[in-house]
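Undergrad: My questions will all concern the structure given below.
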Amino acid sequence: MGALDPSSTPLKSLAESKGFLYGTSATPGDLKDRQFTDVVIQQCDLMATGLQLKWNMLRPTPEKYNFGPADELLGFAQQHGMKFQGHVLAWHNALPDWFGSYATPQNAQQLMLSHIKTVVGRYAGKMHSWDVVNEALLPSDQRSDGLRNTPWLQLIGPDYIELAFHAAAAADPHAILFWNDYGIENESPEHELKRKFFLQHLTALRQRDVPIQAIGIQSHLDASSKHFPGPQFDAFLHQVSDMGLKIMVTELDFTDSLPSSDSAARNQLIASRYEQYLDLVLKHHSVIAVLTWGIADKHTWLNGNYKFPRKDNSPFLPLPFDTNTQPKPAWYAMARAFQNAPSR
Ligand code: G3I
């Protein structure tokens with residue numbers, strides 16, 4: 062292949078030539094932006110639902126499902142030949158307002174299982190993959206199993222995880238079912254502890270023949286971190302792969318703490334971190350997809366309601382395209398990493 066260029070060597074082609082997918086999440090608002098849709102059509106062969114399949118968007122009342130926004134995104138993905146990823150089934154966050162007063166230990170299991178049956182069943186045969194259990198680990202909650210003390214765990218018990226996977230597999234036997242988590246990428250004691258608990262749970266799920274086929278590594282990373290992903294994370298990826306599980310990078314983006322006055326230096330640092338991270342991850346043949354959480358800085362969640370804004374309140378620059386949807390150094394870094402990845 063000749064020189065790297067967003068239109069002649071889009072990320073999806075570079076990825077496809079190595080046997081994996083590249084994609085982004087999209088929200089209902091994103092779809093109204095022609096610059097966004099143009100660049101996504103050009104670059105992506107996988108699309109994840111940013112908000113549309115979260116409980117708080119899908120379930121305005123306990124009785125009612127609102128599938129309109131997710132159907133619209135699926136239609137867009139299908140029209141442009143992209144595979145589709147569902148996010149998310151069992152998560153402690155983005156639950157509807159009615160959930161707290163409605164869900165009880167008596168009805169919670171049925172509530173979760175009927176939700177999964179209805180939602181996964183509706184899209185059966187159309188989903189590449191499903192984020193079944195999201196962010197279920199939180200060692201600082203001080204449980205001996207490292208699980209987060211979520212409403213689902215409190216109401217159903219730790220078995221909610223395997224119940225969710227079984228229900229999803231029954232409703233769509235072909236989608237790749239994964240457990241998605243964060244805070245497992247860095248070379249720090251906290252992340253290493255979370256990796257240890259994750260491996261314990263994955264081993265137990267495999268031993269019990271729970272239908273989990275992959276893990277998602279969110280990868281919301283800090284380009285300025287002293288604990289940037291390295292050998293311990295690499296060892297974790299080996300261990301996950303050795304279990305026969307596939308791996309997806311599901312929500313990649315970068316914060317940074319360089320001064321805002323030098324956006325060129327910030328973009329260079331972020332680009333070098335993209336390449337460093339993807340070089341490490343893509344060595345593993347079990348990696349079947351890379352998704353960024355959005356594709357252009359204009360739409361990043363980090364410049365909305367992120368709870369740790371930059372000290373000077375200037376915008377983050379986390380994605381491969383800028384606020385005018387022009388390619389940034391990060392795009393070229395991703396393209397190089399994809400080009401240098403081994404085939405799988
Ligand atoms: O839709 C309303 C809008 O009408 C209103 O004007 C605006 C005011 O703030 O809020 C809008 O909704 C917000 C929505 O994002 C769209 O911007 C919600 O309050 C806000 O909670 C929601 O945050 C999303 C968050 O998940 C919770 O669902 C973020 O956009 C989304 O990027 C974030 O994504 C998560 C993944 O699902 C899981 N992993 C971490 C990742 C980042 O936090």
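Heads up: the sequence shown begins at 62 in our numbering, then just goes up one per residue. Ideal Cβ placement from N, Cα and C applies to all residues, glycine included.
With distance defined between alpha-carbon atoms, name the residue in Leu216, Thr165, Leu92 and Ala231 nearest to Leu134.
TA: Counting from one through the sequence shown, the residue named residue 134 turns up at place 73. For Leu134, the nearest C-alpha among the options comes from Leu92.
Undergrad: Classify Gln139: buried if its beta carbon has 16 or more other beta carbons within 10 angstroms, exposed otherwise.
TA: Start at 1 with the first residue of the sequence shown, and residue 139 comes out as number 78. When all chains shown are included, Gln139 counts as exposed.
Undergrad: With 16 other CB atoms within 10 Å as the buried threshold, where does His235 fall?
TA: Within the sequence shown, residue 235 is the residue found at index 174, counting from 1. Label assigned to His235: exposed.
Undergrad: Rounding to the nearest angstrom, what Cα-Cα distance links His189 and Ile237 in this structure?
TA: Residue 189 sits at position 128 when you count from the first residue of the sequence shown. Residue 237 sits at position 176 when you count from the first residue of the sequence shown. Computed Cα separation, rounded: 6 Å.
Undergrad: Under 8 Å, with one C-beta from each stretch per pair, do the region 352-370 and the region 318-330 reach the 3-pair mark?
TA: no
Undergrad: Out of Asp358, Leu352 and Val193, which one is the CA nearest neighbour of Met108?
TA: Looking up residue 108 in the sequence shown gives position 47. Selected option, being the one with the closest Cα: Leu352.
Undergrad: Which word fits Arg405, buried or exposed, when buried means at least 16 other C-beta atoms lie within 10 angstroms of its C-beta?
TA: If you number the sequence shown from 1, residue 405 lands on position 344. Around the beta carbon of Arg405, a 10 Å sphere encloses fewer than 16 other beta carbons of the protein chains shown; the residue is thus reported as exposed.
Undergrad: On the DSSP bridge assignment, give the partners of Phe239 in chain order.
TA: As a first step, residue 239 is located in the sequence shown; it is residue number 178 there, counting from the start. DSSP output for Phe239 lists Asp192 and Ala275 as bridge partner(s).
Undergrad: Tell me where the alpha helix (DSSP H) around Gln167 begins and ends.
TA: The residue you call residue 167 lines up with position 106 of the sequence shown. DSSP places Gln167 in no alpha helix (DSSP H); its state is neither H nor E.
Undergrad: Going by other Cβ atoms of all chains shown within 10 Å of its Cβ, with 16 needed for buried, is Ser347 buried or exposed?
TA: As a first step, residue 347 is located in the sequence shown; it is residue number 286 there, counting from the start. Buried, since its Cβ has 16 or more Cβ neighbours within 10 Å.
Undergrad: State yes or no: is the C-beta of Ala155 within less than 9 Å of the C-beta of Lys115?
TA: Walking along the sequence shown from the start, residue 155 turns up at place 94. Walking along the sequence shown from the start, residue 115 turns up at place 54. Yes, the Cβ-Cβ distance between Ala155 and Lys115 is below 9 Å.
Undergrad: Tell me whether the region 246-255 and the region 174-189 touch, counting them as touching only if at least three CB pairs, one residue from each stretch, are closer than 8 Å.
TA: no
Undergrad: Suppose you measure from the CA of Ser286 to the CA of Phe369; what does that come to, to the nearest Å?
TA: Numbered from its first residue, the sequence shown carries residue 286 at position 225. Numbered from its first residue, the sequence shown carries residue 369 at position 308. Here the C-alpha atom of Ser286 lies approximately 14 Å from the C-alpha atom of Phe369.
Undergrad: Check whether the region 64-80 and the region 392-404 are in contact - that is, three or more C-beta pairs closer than 8 Å.
TA: yes
Undergrad: Check whether the Cβ atoms of Ala229 and Pro166 sit closer than 9 Å, and answer yes or no.
TA: On the sequence shown, residue 229 is found 168 positions in, with the first residue counted as 1. On the sequence shown, residue 166 is found 105 positions in, with the first residue counted as 1. It is not a contact, given that the beta carbons lie outside the stated cut-off.
Undergrad: Can you tell me which of Ser68, Ile356 and Tyr243 puts its alpha carbon nearest to the alpha carbon of Pro381?
TA: Translated into positions along the sequence shown, residue 381 becomes position 320. With distances taken between Cα atoms, Pro381 lies closest to Ile356.
Undergrad: Please report the Cβ distance between Asp202 and Gly277, rounded to the nearest whole angstrom; I am assuming they are in contact, meaning their Cβ atoms lie under 8 Å.
TA: Here residue 202 corresponds to residue number 141 of the sequence shown, with the count starting at 1. Here residue 277 corresponds to residue number 216 of the sequence shown, with the count starting at 1. The Cβ separation is near 20 Å, so there is no contact.
Undergrad: Span of the beta strand (DSSP E) holding Met108?
TA: Here residue 108 refers to the residue found at position 47 of the sequence shown. Segment Leu107 to Thr110, the beta strand (DSSP E) holding Met108.
Undergrad: How do the region 331-350 and the region 305-315 stand: do at least 3 beta-carbon pairs fall below 8 Å, yes or no?
TA: yes
Undergrad: Grab me the residues of Ala232's own chain with a C-beta within less than 7 Å of its C-beta, minus the 5 sequence neighbours each way, in chain order.
TA: Mapped onto the sequence shown, residue 232 falls at position 171. Answer for Ala232: Ile177, Lys178, Val181, Gly182 and Ala185, listed in chain order.
Undergrad: Leaving out five residues before and five after Gly111 in sequence, what residues of the same chain have Cβ atoms less than 6 Å from its Cβ?
TA: Here residue 111 is taken as the residue at index 50 of the sequence shown, counted from 1. So the qualifying residues of the chain are Ser86, Ala87 and Thr88.
Undergrad: By the DSSP assignment, the alpha helix (DSSP H) with Tyr221 in it spans what residues?
TA: Taking the sequence shown and counting its residues from 1, one reaches residue 221 at position 160. Looking at the DSSP string, the run of the alpha helix (DSSP H) that includes Tyr221 is Tyr221 to Ala232.
Undergrad: Compute the minimum distance between the beta carbon of Asn401 and the heavy atoms of ligand 1, and state whether it is under 8 Å.
TA: Your numbering for residue 401 matches position 340 in the sequence shown. Not under cutoff, so the answer is no.
Undergrad: Do Gly207 and Leu254 have their C-beta atoms closer together than 9 Å?
TA: As a working mapping, residue 207 is identified with position 146 in the sequence shown. As a working mapping, residue 254 is identified with position 193 in the sequence shown. For Gly207 and Leu254, yes; Cβs fall inside 9 Å.
Undergrad: With distances taken between CB atoms, is the gap from Leu341 to Pro290 smaller than 9 Å?
TA: Taking the sequence shown and counting its residues from 1, one reaches residue 341 at position 280. Taking the sequence shown and counting its residues from 1, one reaches residue 290 at position 229. Yes.
Undergrad: In terms of alpha-carbon separation, which member of Leu319, Ala394, Asp106 and Ser333 lies closest to Asn374?
TA: Numbered from its first residue, the sequence shown carries residue 374 at position 313. Out of Leu319, Ala394, Asp106 and Ser333, Leu319 has the C-alpha closest to the C-alpha of Asn374.
Undergrad: Quick one: what does DSSP say Pro309 is sitting in, helix, strand or coil?
TA: Residue 309 sits at position 248 when you count from the first residue of the sequence shown. Reading off the sequence, residue 309 comes out as Met, not Pro. Correct three-state label for Met309: strand.
Undergrad: If you drop the 5 nearest sequence neighbours on each side, which residues of the same chain put their C-beta closer than 6 Å to that of Asp106?
TA: Residue numbering aside, residue 106 sits at position 45 when the sequence shown is read from its first letter. Lys73, Leu82 and Met143.
Undergrad: Determine, using beta carbons only, whether Arg327 comes closer than 9 Å to chain D.
TA: Among the chains of the structure shown, chain D does not appear; only one protein chain is present.
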